[in-house]
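One structure is given here, and the rest of the page talks about it.
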Amino acid sequence: MASLIPTAELPPGFSYPAEYLRVVAFGLTNLEPWILMDGDALRTAHHGLRDHFPGARLVPFATRRDNDEVACWDADAGDVVIVRRDAAAPCVADGRFEDFHCWLRDAVEHLTRFDG
4 MASLIPTAEL PPGFSYPAEY LRVVAFGLTN LEPWILMDGD ALRTAHHGLR DHFPGARLVP
64 FATRRDNDEV ACWDADAGDV VIVRRDAAAP CVADGRFEDF HCWLRDAVEH LTRFDG
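So the sequence shown is numbered by my numbering: it starts at 4 and just counts up by one.
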């Protein structure tokens, strides 16, 4: 199993969606240009987002290898948002999906067209 963010560091009330855990358990983590993060990369992204967007309850799970976008759960809204890791402005979503399944469908569509 992948090394995820420890429960004690997650926003209160947040738990990883079962669909996400299933995808990770099957090892489907390279969806270029998206990469599902784990271990140190995931923890670094999590701490970076907390520092850069204080007050936003974001839980990252994927990053694009061709730009600085990060896919995160918004623990307040309950959906998936795409944020720019190095954005100078307050947390602004570059994209929003109803849930992980909708994000995954879009990521697979990008995978089939990615020529990176």
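Even for Gly, the Cβ is constructed at its ideal location relative to N, Cα and C.
- Unbroken beta strand (DSSP E) stretches of 3 residues or longer found wholly inside the stretch 35-88: 37-39, 61-67, 72-77 and 82-87, given in chain order.
- For L31, no alpha helix (DSSP H) run applies, since DSSP gives it neither H nor E.
- With a cutoff of 7 Å on beta-carbon distance, R99 and D79 are scored as not near each other.
- Secondary structure at F17: coil, using DSSP grouped into helix, strand and coil.
- DSSP, read as helix, strand or coil, puts F117 in coil.
- A check of alpha carbon separations from L52 across W76, N33 and L34 identifies W76 as the nearest.
- Here the stretch 43-50 does not lie against the stretch 17-35, with fewer than 3 beta-carbon pairs under 8 Å apart.
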